[in-house]
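Enquirer: Pasting a structure below so you can have a look.
Protein chains: 2
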Amino acid sequence: MKRIAVVEDELFMREELSDLLRKAGYEVREITEFLDVTGQLLLCSPDLILLDLNLPGVSGFQICRELKQKSSAPVLVLTSRDQMRDELHALKLGADEYLTKPCRKERLLARVANVMKRYEGRPNLLEGPGFLLDRQTYTLYMDNQSVILPKNQGRILEVLMSHGDEAATKEELCVAIWGTTEFIDENALQVNLTRLKKTMAGLGMRRQIVPIRGVGYRLTEEGGAL
Amino acid sequence: MKRIAVVEDELFMREELSDLLRKAGYEVREITEFLDVTGQLLLCSPDLILLDLNLPGVSGFQICRELKQKSSAPVLVLTSRDQMRDELHALKLGADEYLTKPCRKERLLARVANVMKRYEGRPNLLEGPGFLLDRQTYTLYMDNQSVILPKNQGRILEVLMSHGDEAATKEELCVAIWGTTEFIDENALQVNLTRLKKTMAGLGMRRQIVPIRGVGYRLTEEGGAL
DNA sequence: GTTTTCCTTTCATCAACTGTAAGTGTTTTT
DNA sequence: AAAAACACTTACAGTTGATGAAAGGAAAAC
Numbered sequence: 040m041k042r043i044a045v046v047e048d049e050l051f052m053r054e055e056l057s058d059l060l061r062k063a064g065y066e067v068r069e070i071t072e073f074l075d076v077t078g079q080l081l082l083c084s085p086d087l088i089l090l091d092l093n094l095p096g097v098s099g100f101q102i103c104r105e106l107k108q109k110s111s112a113p114v115l116v117l118t119s120r121d122q123m124r125d126e127l128h129a130l131k132l133g134a135d136e137y138l139t140k141p142c143r144k145e146r147l148l149a150r151v152a153n154v155m156k157r158y159e160g161r162p163n164l165l166e167g168p169g170f171l172l173d174r175q176t177y178t179l180y181m182d183n184q185s186v187i188l189p190k191n192q193g194r195i196l197e198v199l200m201s202h203g204d205e206a207a208t209k210e211e212l213c214v215a216i217w218g219t220t221e222f223i224d225e226n227a228l229q230v231n232l233t234r235l236k237k238t239m240a241g242l243g244m245r246r247q248i249v250p251i252r253g254v255g256y257r258l259t260e261e262g263g264a265l
Numbered sequence: 040m041k042r043i044a045v046v047e048d049e050l051f052m053r054e055e056l057s058d059l060l061r062k063a064g065y066e067v068r069e070i071t072e073f074l075d076v077t078g079q080l081l082l083c084s085p086d087l088i089l090l091d092l093n094l095p096g097v098s099g100f101q102i103c104r105e106l107k108q109k110s111s112a113p114v115l116v117l118t119s120r121d122q123m124r125d126e127l128h129a130l131k132l133g134a135d136e137y138l139t140k141p142c143r144k145e146r147l148l149a150r151v152a153n154v155m156k157r158y159e160g161r162p163n164l165l166e167g168p169g170f171l172l173d174r175q176t177y178t179l180y181m182d183n184q185s186v187i188l189p190k191n192q193g194r195i196l197e198v199l200m201s202h203g204d205e206a207a208t209k210e211e212l213c214v215a216i217w218g219t220t221e222f223i224d225e226n227a228l229q230v231n232l233t234r235l236k237k238t239m240a241g242l243g244m245r246r247q248i249v250p251i252r253g254v255g256y257r258l259t260e261e262g263g264a265l
């Protein structure tokens with residue numbers, strides 16, 4: 040059975056949505072605490088996320104962006120009719136569909152089914168700007184090429200991507216690669232970074248890895264200064 | 040610029056389609072010889088294929104099926120309004136969209152753009168029943184797992200898939216793996232087949248490899264007898 | 001029951017990934 | 001300007017995993 044996560048703060052609306060979806064044969068998980076929404080969502084690994092943009096305290100946009108960085112579930116955004124401008128914004132952030140509230144039940148269900156069908160059987164790929172990464176095999180897709188990254192390079196890229204434009208500390212990277220906080224050797228990380236850079240350059244990827252002195256590394260913003 | 044292949048036998052219709060698409064900024068390739076349509080299409084490697092189902096001599100369905108086995112370009116099927124039943128059939132064969140003729144220009148362009156956007160940045164994956172295969176890296180996707188096949192196993196599976204339910208000869212397989220007709224050693228193929236079988240079984244794939252005595256191998260039909 | 005064809009396992013070889021080590025650049029600090 | 005701290009690169013050896021050869025077992029055809 041397909042699992043859908045509902046992120047909506049208004050009680051009434053949330054229950055109505057859940058009800059509708061359950062009757063349509065989906066398993067529903069409701070998010071009721073709006074701290075670390077992304078984390079909660081990742082934990083229950085839904086097949087689709089229904090996301091209201093107007094949440095108390097947190098930015099729906101921010102959540103959307105984080106989700107697309109850290110998971111590969113499709114996101115269907117709900118927005119009030121008077122915030123149509125949001126749509127474009129949401130789509131840019133990687134939302135797969137949007138709907139205006141209120142909206143007819145059939146319409147909602149149709150979109151839900153449609154989006155899920157589009158993702159049906161699709162591999163679990165992490166989206167980066169202009170490329171995709173399979174988190175299990177570390178197969179990297181760019182344009183029409185695909186390359187298998189060695190495990191370490193893959194893990195590094197995965198961590199960097201999950202941080203978006205922010206820096207990942209060297210410690211984090213080491214943990215991701217070797218599973219321990221004790222530094223095996225800071226240099227080992229260094230070497231693997233060099234190798235990853237080379238493969239990325241070889242593929243013509245626009246994003247580059249830049250060091251943050253004394254902290255770690257991050258991926259450059261799209262048109263970011265070198 | 041995106042390239043679209045038009046497969047349509049009626050001259051008038053074909054030119055109208057081509058015109059429309061060219062004005063919309065696409066590069067168009069027309070298929071005018073209806074022998075080995077699939078081969079021609081594979082050669083020009085289009086980003087989308089516009090396929091009329093009523094072709095002289097050949098079955099549009101057959102072409103559709105072959106395309107989905109041998110390429111990963113999206114297929115948009117055109118059918119006359121009085122053959123609505125075809126639609127279901129076409130979708131089952133893996134067509135990504137269908138349209139009834141005649142049809143409004145905007146509608147056609149909208150669907151074309153829509154389908155292409157859906158494929159945008161998507162990796163070049165070959166579709167098998169219930170699984171996907173990356174022809175470059177031989178990454179195999181099933182359910183939510185993904186595994187990297189060793190090159191030889193990948194090549195074998197690729198060839199078998201490209202033959203659909205028909206048998207691939209041992210010679211073909213050897214050529215695909217080692218690039219030569221001279222048998223390196225028939226046993227080498229044997230060994231790799233065994234290994235492929237094992238990995239497929241390990242993943243719980245429904246399709247199995249069955250030998251055709253004295254000829255070669257083929258994948259079992261969905262509910263095929265063992 | 002014999003022959004042909006197909007299958008499986010084991011073993012040595014080879015290629016690829018990896019960490020170590022040593023040395024070179026490049027910032028920042030003094 | 002010199003020193004120190006940090007970042008980068010290259011070369012090399014150990015390990016892991018894929019590959020083909022060989023040998024023997026199973027299944028089908030006759």
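Protein chains in written order, with this note's numbering: chain A, 40 to 265; chain B, 40 to 265. Ideal Cβ placement from N, Cα and C applies to all residues, glycine included.
Under 7 Å, Cβ to Cβ, is there at least one residue of chain A near residue 91 of chain B?
Expert: Taking the second sequence and counting its residues from 1, the one referred to as residue 91 of chain B is at position 52. Judged by the 7 Å Cβ criterion, residue 91 of chain B is not in contact with chain A.
Enquirer: Can you tell me whether residue 179 of chain A sits near the ligand MG, meaning its C-beta is under 6 Å from at least one heavy atom of the ligand?
Expert: Inclusion of the ligand MG in the displayed structure is not the case, the ligand content being empty and no account of it being possible.
Enquirer: 7 Å is my cut-off, CB to CB: does residue 43 of chain B come that close to chain A?
Expert: As a working mapping, residue 43 of chain B is identified with position 4 in the second sequence. It does not: the Cβ of residue 43 of chain B has no partner Cβ on chain A nearer than 7 Å.
Enquirer: May I have a chain-ordered list of the alpha helix (DSSP H) segments no shorter than 4 residues that lie completely inside the stretch 171-231 of chain A?
Expert: As far as the stretch 171-231 of chain A is concerned, its whole alpha helix (DSSP H) runs of at least 4 residues are 190-201, 209-217.
Enquirer: When Cβ atoms are compared, which residues of the stretch 163-174 of chain A fall closer than 7 Å to chain B?
Expert: From the stretch 163-174 of chain A, only 163, 171, 173 have a Cβ closer than 7 Å to chain B.
Enquirer: Would you kindly work out how many angstroms separate the C-alpha atoms of residue 67 of chain A and residue 81 of chain B, rounded to a whole number?
Expert: Position 28 of the first sequence, counted from the start, is the residue given in the question as residue 67 of chain A. Position 42 of the second sequence, counted from the start, is the residue given in the question as residue 81 of chain B. Those two C-alpha atoms are separated by around 43 Å.
Enquirer: Residue ranges of each alpha helix (DSSP H) run of no fewer than 4 residues wholly in the stretch 45-102 of chain B, ordered along the chain?
Expert: If we require 4 residues or more, the alpha helix (DSSP H) runs fully inside the stretch 45-102 of chain B come out as 50-62, 76-83.
Enquirer: Interface residues of chain A around residue 180 of chain B at Cβ under 7 Å?
Expert: Here residue 180 of chain B is taken as the residue at index 141 of the second sequence, counted from 1. In chain order: 162.
Enquirer: Quick one: give me the first and last residue of the beta strand (DSSP E) that residue 136 of chain A is part of.
Expert: Here residue 136 of chain A corresponds to residue number 97 of the first sequence, with the count starting at 1. Unbroken beta strand (DSSP E) run through residue 136 of chain A: 136-140.
Enquirer: Quick check: residue 88 of chain A and residue 44 of chain A, are their CB atoms within less than 7 Å of each other?
Expert: Taking the first residue of the first sequence as 1, we reach residue 88 of chain A at position 49. Taking the first residue of the first sequence as 1, we reach residue 44 of chain A at position 5. For residue 88 of chain A and residue 44 of chain A, yes; Cβs fall inside 7 Å.
Enquirer: Against chain A, with Cβ distances strictly below 7 Å, would residue 183 of chain B count as a contact?
Expert: The residue labelled residue 183 of chain B in the question sits at position 144 within the second sequence. Yes, residue 183 of chain B lies at the interface with chain A (some Cβ there is under 7 Å from its Cβ).
Enquirer: How about residue 176 of chain A: is its C-beta nearer than 7 Å to some C-beta of chain B?
Expert: Within the first sequence, numbered from 1, the residue matching residue 176 of chain A stands at position 137. It does: the Cβ of residue 176 of chain A has a partner Cβ on chain B nearer than 7 Å.
Enquirer: Listed in chain order, which residues of the stretch 207-225 of chain A have Cβ atoms closer than 7 Å to some Cβ of chain B?
Expert: Answer set for the stretch 207-225 of chain A: empty.
Enquirer: When the cut-off is 7 Å and only beta carbons count, does residue 245 of chain A lie next to chain B?
Expert: Locating residue 245 of chain A in the first sequence gives position 206, where the first residue counts as 1. No, no contact with chain B.
Enquirer: For chain B, check one thing: does any of its Cβ atoms lie closer than 7 Å to the Cβ of residue 88 of chain A?
Expert: Walking along the first sequence from the start, residue 88 of chain A turns up at place 49. No - not a single Cβ of chain B is within 7 Å of the one on residue 88 of chain A.
Enquirer: Does the distance from the C-beta atom of residue 148 of chain B to that of residue 117 of chain B stay below 7 Å?
Expert: The sequence position of residue 148 of chain B within the second sequence is 109, counting from 1. The sequence position of residue 117 of chain B within the second sequence is 78, counting from 1. No.
Enquirer: For residue 194 of chain B, return the contacting residues in chain A, with the cut-off set at a CB-CB distance below 9 Å.
Expert: Residue mapping note: residue 194 of chain B aligns to position 155 of the second sequence, counting from 1. Those within 9 Å of residue 194 of chain B in chain A number zero; the least Cβ separation is about 15 Å.
Enquirer: Can you tell me which of A/109, A/146, A/141 puts its alpha carbon nearest to the alpha carbon of residue 167 of chain A?
Expert: Your numbering for residue 167 of chain A matches position 128 in the first sequence. When each option's Cα is compared against that of residue 167 of chain A, the closest is A/109.
Enquirer: How should residue 46 of chain A be labelled, buried or exposed, when 16 other C-beta atoms within 10 angstroms of its C-beta is the threshold for buried?
Expert: What you label residue 46 of chain A is simply residue 7 of the first sequence in a count that begins at 1. Label assigned to residue 46 of chain A: buried.
Enquirer: Note the first and the last residue of the continuous alpha helix (DSSP H) segment covering residue 148 of chain B.
Expert: Your numbering for residue 148 of chain B matches position 109 in the second sequence. Residues 144-158.
Enquirer: So is residue 187 of chain B in contact with chain A if we call contact Cβ pairs under 7 Å?
Expert: For the purposes of this step, residue 187 of chain B is taken as residue 148 along the second sequence, with counting starting at 1. Yes, residue 187 of chain B counts as interfacial toward chain A.
Enquirer: For the beta strand (DSSP E) that contains residue 255 of chain B, what are its first and last residues?
Expert: Against the second sequence, residue 255 of chain B aligns to sequence position 216. Run containing residue 255 of chain B: 255-258, per the beta strand (DSSP E) assignment.
Enquirer: Could you tell me the distance, in whole angstroms, from the CA atom of residue 52 of chain B to the CA atom of residue 155 of chain B?
Expert: Locating residue 52 of chain B in the second sequence gives position 13, counting from the first residue. Locating residue 155 of chain B in the second sequence gives position 116, counting from the first residue. Going from the Cα of residue 52 of chain B to the Cα of residue 155 of chain B covers about 22 Å.
Enquirer: Looking only at its chain, what residues have a beta carbon closer than 7 Å to the beta carbon of residue 225 of chain A, apart from the 5 residues adjacent to it on each side?
Expert: Counted from its first residue, the first sequence places residue 225 of chain A at position 186. Closer than 7 Å at the Cβ level, and outside the excluded window around residue 225 of chain A, lie 209.
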